[in-house]
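Chemist: Structure provided below as structure tokens; questions to follow.
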Amino acid sequence: MDDILPGSCEQDTMFEVLADPRRRRLITLLREHESVGRVFLDSLSAQLAEREAELDTSVEEIAVELHHRHLPRLDAAGLVRYEPSAKMVELTRFSVGSDGSLENFDTALGDD
517 MDDILPGSCE QDTMFEVLAD PRRRRLITLL REHESVGRVF LDSLSAQLAE
567 REAELDTSVE EIAVELHHRH LPRLDAAGLV RYEPSAKMVE LTRFSVGSDG
617 SLENFDTALG DD
């Protein structure tokens, strides 16, 4: 079935994008900041570094990886809006659960 998800993200692309654990953690962080709206890349990077302390990755390394790899993919999939020049990120209207799982995924796919 070639149903399209909100944000013009095809089903296979959605699974591929969310297969990465760091992207799921990023979505979870954005859900926690949903009432604030847009969040600075530096703030997200610092919070991810705290949550990923066992990986021993610096805040700067995480920021670079988010900026060049993860945020563009999430933006292209329609899950976030990323403004690289302002280094601001916000979650889109697509519903993702606090545990990183997709809420109402069957509804989003049009499966009843």
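So for the sequence shown, my numbering puts the first residue at 517; every next one is plus one.
The beta-carbon is built from N, C-alpha and C at its ideal position, and this holds for glycine as well.
1) Put R597 into one of helix, strand or coil per three-state DSSP.
2) Determine the direct distance from the alpha carbon of D572 to that of M534, and round the result to whole angstroms.
3) Could you tell me whether the Cβ of R541 comes closer than 8 Å to any Cβ of chain C?
4) Return the CA-CA distance between R554 and S574, expressed in angstroms with no decimal places.
5) Rounded to whole angstroms, what's the CA-CA distance from T529 to L545? Just pull it up for me.
Modeler: If we stick to the structure as given:
1) strand
2) It should be pointed out that residue 534 corresponds to Leu in this sequence rather than to Met. Each residue's alpha carbon lies about 22 Å from the other.
3) No chain C is present in this structure, which holds just one protein chain.
4) 23 Å
5) 21 Å
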